[in-house]
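K.L.:
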Amino acid sequence: MPNTEYFTPPKTARVYLHQPHSNRAVLLFPDFKVVNLELTGEKHTRQSAVGFILLHGQDNTAVDFKATTFSDVLGGIPIYTVNAEEECLISLEAFCSFDENPITYARVTLKNTKDHHIEDSVAILPRKTTDDVYLTNLDDTGYCSYNPGAGSWFMLNSSWKDNGGNHASDSESSLRIETSLSVKWMPKSECPIYHKASDYYKVSYSLDPNESVSFDLVFALGEVPAKINFDSEKEKVISRWNEILSDIKVVPNSDSQNIQGMYRHLAAQSLQMLAKYSDSPDLITPRQGDVGRYVWPWEAAMMLTALDHAGLTSWTGDAYKYFIEKWLVKEGEDKGKVMSCHQQWGNLNGSLVWGISYHLLHTHDRAEFEYFRPYLNMMLDWMESERERSSEFGELYSGIFPTGKASDWRTKAQYWCFTDGQNVMGYEKMAELYKEFDDPDSDRVAKCFENYLGTLQDIARDVYKGHENDECFFFPHQLGVAPEEALQYCYYTSGAIYLFFSGIIPYTSREFEQMDNYYNFHGMFDRGLAGRMTNFSVGDGGLYGDIFYTVNAEQMWLKGYMARGEQAKADEMFDAVMKYCITSEYIVSERYCSRDPWYSPWQPNASSCGRMMDILLTYFGETNKQ
């Protein structure tokens, strides 16, 4: 059931352990389980997985995940420790090696916090499945509240066998435990009840008051090392992450260690999104996060531009090449069109032209520019042909993209704000890039940008005509459709605020003030959050009207308040972002539910990490790291 206590901070329901360029996604959950997921582009979710879960007591009970806590996180280092008070205080610290096929290292610590002697056991239960939902307990990518249980692990047939020496394996994976404690393999023959644990290691302990004991384990797809060496492997991981993040050049202008740690951690999470899929091993796939495998160009660009801005440019170029090699049509009628593995958004070309141009303006790499240049021209040519096509069907306005889909929502319209707004951002950045490289096509690209921008500004003036003196005004996100008729659509993600974010209308204009009034008058802002979702299909049906598409709208509104010097409004929105959009472990979800802090779609989330990095730079200002 959803939490009845409204507006509590969101919870961390899962974190990534794997490193950049991993061919697996490895997640740690607060119910003391580690799941290692297959990564291919064949399906979005529900691929194969292996993992282990820690259970406690003679009945092998799952820990109460709502009562667990995370230890403080060292900003930028994806090493996490979860803690639970059961028969004793149980802690699980885990991280992954810097291998394409990552090895998971874990340390379990048991401490007697009672005033009397205790004796009990914990279980390490390994399992594998062809459908990862059995191990993650996630519906899709988290659009229902996180509500796990060990029962789904018990339901799976086990192929795990004990090899002796506290080493177990199946046909694909292996596990090893190092400890001085008593360890016993509990085979199915001794645990014949189906809906109970079987084929697991039982680790028994005996502790006096305040006494503690630890044991280490290692888990991998494939064979695990013969020796664990937890501490030395941990130091290697910390050293490598510090080396990577030392390339960050631009940081928030803040003396707060929390803000600097948050910024580093968001950058690290973004790097963890860069994967090598088994069906595309020569490409770097820029994932959107959580357990999803599909890729969204607009979302990817939001993450990659943040990394480029920070100074981590060596990681982003190959991620953009993924779209060139995988999804760009290079011949035929649709030459220059960026395709999608999921939904065909109208701004896919604009998103990539924007992101690639932004990247090259940061690298100043002539060879890299020469690689991307013909593809940028192809993408621009296709967008120009789409702009010309719009008038053939009697559209309300010509010179912009024709009727189509703007996002994963299937309603078709002329989404001039989100589709054309993002596209014109691509044109502008490409014009800047070509001027920077003194390209022969520089004038042509500049004229295309000026024409596109002028067309959108003309439409904005036409729509706005007669509303100059209104106290409240809202630009429709679908041309020809009144806002009241388009409520079953999340118009905060693709709506009028994009007109200002993309530079079509300046933030300092009267129109921004009127739209701010509109949102406030209609109660769409709430406690500083700007992205209340108005469509019903947002996951749990009972949460309708209480879900916010976080960080997305706030990023754009906050830029306006800061540009206008409206500090009080900026403070309120930034405080809301810090309270409701990011957890104390620096994890960002795609959405926040005011009635359920465990509602955590797309956690961790790539584009939200990028937007959050930008929010920190917008609010505090930016400085070059010394």
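So for the sequence shown, this note's numbering puts the first residue at 12; every next one is plus one.
Even for Gly, the Cβ is constructed at its ideal location relative to N, Cα and C.
(1) What would DSSP say about W171, mapped onto helix, strand or coil?
(2) Would the beta-carbon of V302 fall within 7 angstroms of that of T147?
(3) Write down every uninterrupted run of the beta strand (DSSP E) in the region 590–614 whose length is 3 residues or greater and which is fully enclosed by it, in chain order.
(4) Between the Cα of H353 and the Cα atoms of T374, S418, S362, which residue gives the shortest distance?
(5) Applying the 10 Å Cβ sphere with the 16-neighbour rule, what's the burial state of P41?
(6) If you draw a straight line from the alpha carbon of L149 to that of L490, how long is it in whole angstroms?
(7) Classify N635: buried if its beta carbon has 16 or more other beta carbons within 10 angstroms, exposed otherwise.
(8) C620 and V588 look like a contact to me (Cβ under 8 angstroms); what is the Cβ gap, rounded to whole Å?
(9) Assign G62 to one of three DSSP states: helix, strand, or coil.
(10) Less than 8 angstroms between C-beta atoms, sequence neighbours within five positions excluded: which residues of the same chain meet that for I239?
(11) Rounding to the nearest angstrom, what Cα-Cα distance links Q69 and H128 in this structure?
(12) Could you give the first and the last residue of the continuous alpha helix (DSSP H) run that contains V435?
(13) By DSSP's criteria, K247 is part of a beta bridge. Which residues make up the other side?
(14) When the Cα of A497 is compared with those of R421, G539, L554, which residue comes out closest?
(15) Measuring CB to CB, does D258 end up less than 7 angstroms from L323?
(16) Taking the beta strand (DSSP E) that S225 belongs to, which residues open and close that run?
(17) Report the residue ranges of all alpha helix (DSSP H) runs contained in full by the region 111–167; include only those spanning at least 4 residues, in chain order.
(18) Sort L39, E439, F334, N168 by Cα distance to P308 and report the nearest one.
(19) Can you find the residues in the same chain that come closer than 6 angstroms, C-beta to C-beta, to D3, ignoring five residues on each side of it along the sequence?
(20) How would you write the range of the beta strand (DSSP E) that Y263 sits in, first residue to last?
(21) Taking Cβ positions, are N112 and S102 nearer each other than 7 angstroms?
(22) List the residues that DSSP assigns as beta-bridge partners of V93.
(23) Quick check: P21 and P451, are their CB atoms within less than 7 angstroms of each other?
(24) At which residues does the beta strand (DSSP E) containing F40 begin and terminate?
(25) Among L277, N434, K458, which one has its Cα closest to the Cα of G87?
(26) Assign E201 to buried or exposed, taking buried as 16 or more other Cβ atoms, counted over all protein chains shown, within 10 Å of its Cβ.
(27) Please identify the residue among D582, S611, Q525, M623 whose C-alpha is closest to the C-alpha of A564.
(28) Do you know offhand how far N123's Cα is from S191's?
(29) Any contact between the region 333–350 and the region 407–416? By contact I mean 3 or more CB pairs, one from each, below 8 angstroms.
(30) Pull the bridge partners of V45 from the DSSP assignment, please.
(31) Have a look at P89 and Q433 and give me their C-alpha separation to the nearest angstrom.
(32) To which residues does DSSP link E189 through a beta bridge?
(33) Of all the options Y555, Y530, F559, H533, which has the alpha carbon lying nearest to the alpha carbon of R543?
(34) Considering only C-alpha positions, which residue in the set L256, M350, L282, L285 is nearest to Q271?
(35) Measure the alpha-carbon distance for D83 versus E596 and round it to whole angstroms.
(36) For A457, tell me which candidate among L444, P297, D537, L48 has the shortest Cα-Cα distance.
P.N.:
In short, the structure shows the following:
(1) coil
(2) yes
(3) If we require 3 residues or more, the beta strand (DSSP E) runs fully inside the region 590–614 come out as 602–604.
(4) Of all alpha-carbon atoms in T374, S418, S362, the one lying nearest the alpha-carbon of H353 is that of S418.
(5) buried
(6) Distance from the CA of L149 to the CA of L490, rounded to the nearest whole angstrom, comes to 37 angstroms.
(7) exposed
(8) 13 angstroms between Cβ atoms; not a contact.
(9) strand
(10) Y116, R187, E189, D227, L228, V229
(11) 17 angstroms
(12) 430–447
(13) K247 pairs with nothing; no bridge assigned.
(14) R421
(15) yes
(16) Judged by DSSP secondary structure, S225 falls within the beta strand (DSSP E) whose first and last residues are 223–232.
(17) If we require 4 residues or more, the alpha helix (DSSP H) runs fully inside the region 111–167 come out as 144–147, 162–165.
(18) F334
(19) Lying outside 12 to 637, the shown extent of the chain, residue 3 is not represented and no answer is given.
(20) In the sequence as presented, Tyr is not what sits at residue 263; that position holds Pro. Looking at the DSSP string, the run of the beta strand (DSSP E) that includes P263 is 261–263.
(21) no
(22) F81, L103
(23) Taking 7 angstroms as the Cβ cut-off, P21 and P451 do not qualify as a contacting pair.
(24) 35–40
(25) It is L277 whose Cα lies nearest to the Cα of G87.
(26) exposed
(27) M623
(28) Looking at the two C-alpha atoms, the distance is approximately 17 angstroms.
(29) no
(30) Bridge partners of V45 according to DSSP: L39, F63.
(31) 32 angstroms
(32) D227
(33) F559
(34) L256
(35) Each residue's CA atom was taken as its position, placing D83 and E596 some 7 angstroms apart.
(36) L444
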